[in-house]
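A.B. asks: I have a structure I would like to understand better, so I am pasting it below and will then ask my questions one at a time.
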Amino acid sequence: MLSSIPEVPPNWIKVRFDEIATNVTDRVEKPNESDLEHYIGLEHLDTDQIRIKRFGSTEDVKATKFLCKKGDIIFGKRNSYLRKVAVTDRDAVVSAHSMVIRPKGDLIVPDFLPCFMQSNVFWKTAHAISEGSMSPTIKWKTLAKQEFWIPSIEQQKKIAEVLWAIETNIDKNERLFKSFDKIKIGLIDQLLTKGIGHKKFKKTEFGEIPINWNIYKLIEVADIIMGQSPPSSSYNDSEGTPFLQGRADFGKIYPNITKYTTKPSKIANKNDLLFTVRAPVGAMNWCNIKCCIGRGIAALRPKDMILQKFLYYQLEKVRYHIEQVSQGSIFKAINSKELKNFPIALAPLPEQQNVVDVLSNLDQNLIQLNNYSIKLMVIKKKLTNEFLSGKLRIPEGVLENVQ
Numbered sequence: 001m002l003s004s005i006p007e008v009p010p011n012w013i014k015v016r017f018d019e020i021a022t023n024v025t026d027r028v029e030k031p032n033e034s035d036l037e038h039y040i041g042l043e044h045l046d047t048d049q050i051r052i053k054r055f056g057s058t059e060d061v062k063a064t065k066f067l068c069k070k071g072d073i074i075f076g077k078r079n080s081y082l083r084k085v086a087v088t089d090r091d092a093v094v095s096a097h098s099m100v101i102r103p104k105g106d107l108i109v110p111d112f113l114p115c116f117m118q119s120n121v122f123w124k125t126a127h128a129i130s131e132g133s134m135s136p137t138i139k140w141k142t143l144a145k146q147e148f149w150i151p152s153i154e155q156q157k158k159i160a161e162v163l164w165a166i167e168t169n170i171d172k173n174e175r176l177f178k179s180f181d182k183i184k185i186g187l188i189d190q191l192l193t194k195g196i197g198h199k200k201f202k203k204t205e206f207g208e209i210p211i212n213w214n215i216y217k218l219i220e221v222a223d224i225i226m227g228q229s230p231p232s233s234s235y236n237d238s239e240g241t242p243f244l245q246g247r248a249d250f251g252k253i254y255p256n257i258t259k260y261t262t263k264p265s266k267i268a269n270k271n272d273l274l275f276t277v278r279a280p281v282g283a284m285n286w287c288n289i290k291c292c293i294g295r296g297i298a299a300l301r302p303k304d305m306i307l308q309k310f311l312y313y314q315l316e317k318v319r320y321h322i323e324q325v326s327q328g329s330i331f332k333a334i335n336s337k338e339l340k341n342f343p344i345a346l347a348p349l350p351e352q353q354n355v356v357d358v359l360s361n362l363d364q365n366l367i368q369l370n371n372y373s374i375k376l377m378v379i380k381k382k383l384t385n386e387f388l389s390g391k392l393r394i395p396e397g398v399l400e401n402v403q
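Residue numbers (UniProt numbering): 1 to 403.
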């Protein structure tokens, strides 16, 4: 099968995938006894994200897995509609549901290959060769013989340079986001234990709080909707109700909608607070659209006694408590009873608003940074697809300066 593009530009060549890449199948028999610390599962790969931003631990990984080296490409071979492919920045153990891909030969620039694998041209072929109905999977022997049109080496270098420069800016912006987030966490710790302008405090299970504050259970201040996954046969990429399964579907503020279901079960409404109850426990997003939630997520709907954003900040404060009651180190989870019993320190409504105002100002900076990252990602994706479809070409004069 040859990938199709509207018009093949001059100097492009046709290659089989196994002419430019190899599937590395080195194995780690007992990861938990190896000297490798990090584990990469499909849950650690984000849709259309070329960098891996979180890792699991090998401590509880006993079954045989694959070995990857720094710079290898981790390709999610199951459920290709999720478009999971990323470059690892460290040696690690990799799930058997992934392929470890390594550039090879003199027809491909190593930095260009992961960019190519993010393109619509590549994913169209990946979808077409997936086998199975329940969890479509790609086999290496099938992928290996697929044919693609790729640019000349000089063009590959320049395209990779442009796309990785954008990725570097995305990374810098996300680091700045994390710095602001740390400042916010410090303010949350202060404002949600000491309040604003208080001099008298009382001791509680939550720690010292202002004397006119009270402790409630989460179930007393919010309705809790535990997620339930619909039949997998109802999953698709465009029809029905948006479907969220867990942390992998979360953005910085709002979820990333990549999957739909025609048979929704548990529903989260717009403005609900989405809270992950499976690894990693405690991640949060605002629900900006009515959607179906799977068993990895709970939706929290505040009652009249608590402001929506005050609840959000309180749950940020008790994140460490969430980690303590989670079960296990690899597949952490929290059950309905534990979630309902979370202690929430509640201020009078006027003071809740004052606290929210302070923290919301900082959140506005975070939102601006997040929006900038999104714009950069949109630009990068557009350029990737236009470069790799031949619609956008690097001028020859520019290529003369490529080293």
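Beta carbons are placed, not taken as given, at the ideal position from N, Cα and C, and that holds for glycine.
What you are looking at is a predicted structure, and each value in this text was computed from that prediction instead of being measured.
Helix, strand or coil for Gly-41 per DSSP?
C.D. replies: The answer is coil: DSSP assigns Gly-41 none of H, G, I, E or B.
A.B. asks: Would DSSP call residue 405 helix, strand or coil?
C.D. replies: Here the chain covers residues 1 to 403 and nothing more, so residue 405 does not appear.
A.B. asks: Using only the alpha-carbon positions, how far apart do Gly-195 and Asn-365 sit?
C.D. replies: When rounded, the distance between both Cα atoms is 22 angstroms.
A.B. asks: With DSSP collapsed to three states, give me the class of Lys-252.
C.D. replies: In the structure shown, Lys-252 sits in coil (DSSP, three-state: anything other than H, G, I, E or B).
A.B. asks: Which residues mark the beginning and the end of the beta strand (DSSP E) in which Ser-336 is found?
C.D. replies: It is not in any beta strand (DSSP E) - Ser-336 instead sits in the alpha helix (DSSP H) that spans 336-340.
A.B. asks: Is Glu-167 buried or exposed, if buried means 16 or more other CB atoms sit within 10 Å of its CB?
C.D. replies: Under this definition Glu-167 is a buried residue.
A.B. asks: Could you compute how far the alpha carbon of Thr-204 sits from the alpha carbon of Arg-301?
C.D. replies: When rounded, the distance between both Cα atoms is 25 angstroms.
A.B. asks: Would you call the segment 36-49 and the segment 241-252 touching, i.e. three or more CB-CB distances under 8 angstroms?
C.D. replies: Enough Cβ pairs lie closer than 8 angstroms, so yes.
A.B. asks: Let me know if Thr-64 comes out buried or exposed under the rule of 16 or more other beta-carbons within 10 Å of its beta-carbon.
C.D. replies: It counts as exposed.
A.B. asks: From the DSSP output, which residues share a beta bridge with Ser-179?
C.D. replies: According to DSSP, Ser-179 bridges with nothing at all.
A.B. asks: Taking just the CA atoms, how far does His-38 sit from Cys-115?
C.D. replies: Their Cα atoms are separated by approximately 24 angstroms.
A.B. asks: Just the C-alpha distance for Ile-209 and Thr-193, rounded to the nearest angstrom, thanks.
C.D. replies: C-alpha separation (whole angstroms): 5 angstroms.
A.B. asks: Who are the Cβ neighbours of Gln-155 in its own chain at under 6 angstroms, not counting the five residues just before and after it?
C.D. replies: Here the set comprises Ile-394.
A.B. asks: For Phe-342, which of Leu-36, Ile-224 and Trp-164 has the nearest alpha-carbon?
C.D. replies: Measuring from the Cα of Phe-342, the nearest candidate turns out to be Ile-224.
A.B. asks: Assuming Gly-76 contacts Leu-82 under a Cβ cut-off of 8 angstroms, what Cβ separation, rounded to an integer in Å, is found between them?
C.D. replies: About 6 angstroms separates the two Cβ atoms, so the contact holds.
A.B. asks: DSSP three-state label for residue 483, please.
C.D. replies: The first residue shown for the chain is 1 and the last is 403, placing residue 483 beyond what the model contains.
A.B. asks: Would you mind stating whether Ile-129 and Gln-146 have Cβ atoms separated by less than 8 angstroms?
C.D. replies: Closer than 8 angstroms, so yes.
A.B. asks: Give the straight-line distance between the Cα atoms of Gln-314 and Asn-256, rounded to the nearest whole angstrom.
C.D. replies: Approximately 24 angstroms between the Cα atoms of the pair.
A.B. asks: Applying the criterion that 16 or more other CB atoms from any shown protein chain within 10 Å of the CB defines a buried residue, is Gln-228 buried or exposed?
C.D. replies: Exposed, since its Cβ has fewer than 16 Cβ neighbours within 10 Å.
A.B. asks: Relative to the C-alpha of Ala-144, which residue among Thr-125, Val-162 and Ile-153 is closest?
C.D. replies: Considering only alpha carbons, the answer is Thr-125.
A.B. asks: Taking the CB atoms as reference points, tell me whether Ile-138 and Ala-86 lie closer together than 8 angstroms.
C.D. replies: Cβ atoms of Ile-138 and Ala-86: not closer than 8 angstroms.
A.B. asks: State buried or exposed for Glu-351, treating a residue as buried only when at least 16 other CB atoms are found within 10 Å of its CB.
C.D. replies: With 16 or more other Cβ atoms within 10 Å, it is buried.
A.B. asks: Any idea if Ser-95 is buried or exposed, counting beta-carbon neighbours within 10 angstroms, 16 or more meaning buried?
C.D. replies: So Ser-95 counts as buried.
A.B. asks: Is the CB of Gln-353 under 8 angstroms away from at least one CB in chain D?
C.D. replies: The structure shown contains no chain D, having only a single protein chain.
A.B. asks: Does the segment 249-268 come close enough to the segment 283-297 to have 3 or more Cβ pairs within less than 8 angstroms?
C.D. replies: Cβ pair count under 8 angstroms is three or more, so yes.
A.B. asks: With a CB to CB cut of under 7 angstroms and the five nearest residues on each side skipped, what residues in its chain are close to Asn-32?
C.D. replies: Excluding residues within five positions, the ones whose Cβ falls inside 7 angstroms are Thr-58, Glu-59, Asp-60, Val-61 and Lys-62.
A.B. asks: What residues are listed by DSSP as bridge partners for Leu-300?
C.D. replies: BP columns for Leu-300 point to Ile-224 and Leu-273.
A.B. asks: What did DSSP end up calling Glu-161 once you bin it into helix, strand or coil?
C.D. replies: Reduced to three states, the DSSP call for Glu-161 is helix.
A.B. asks: Is it buried or exposed for Gly-328, if we count other Cβ within 10 angstroms and need 16 for buried?
C.D. replies: Annotation note: pLDDT 46 at Gly-328 (below 50); position unreliable, coordinate value reported separately. That one is exposed.
A.B. asks: What residues are listed by DSSP as bridge partners for Cys-291?
C.D. replies: Bridge partners of Cys-291: Ala-268.
A.B. asks: Taking Lys-277 and Ile-297 to be in contact with their CB atoms under 8 angstroms, please state how far apart those CB atoms are, rounded to whole angstroms.
C.D. replies: Sequence check: residue 277 is Val here, not Lys. Rounded, the Cβ-Cβ distance is 7 angstroms, consistent with contact.
A.B. asks: Kindly indicate the opening and closing residues of the alpha helix (DSSP H) around Tyr-81.
C.D. replies: Careful: Tyr-81 lies outside any alpha helix (DSSP H) and carries neither H nor E.
A.B. asks: Going by the DSSP bridge assignment, what does Lys-217 pair with across the sheet?
C.D. replies: Paired residues: Pro-343.
A.B. asks: What span of residues does the alpha helix (DSSP H) with Trp-123 cover, start to end?
C.D. replies: Run containing Trp-123: 120-129, per the alpha helix (DSSP H) assignment.
A.B. asks: Tell me which residue opens and which closes the alpha helix (DSSP H) that Met-99 is part of.
C.D. replies: Per DSSP, Met-99 belongs to no alpha helix (DSSP H); it is in the beta strand (DSSP E), 98-103.
A.B. asks: What's the C-alpha gap between residue 422 and Lys-375?
C.D. replies: Only positions 1 to 403 of the chain appear in the structure, and residue 422 is not among them; the question remains open.
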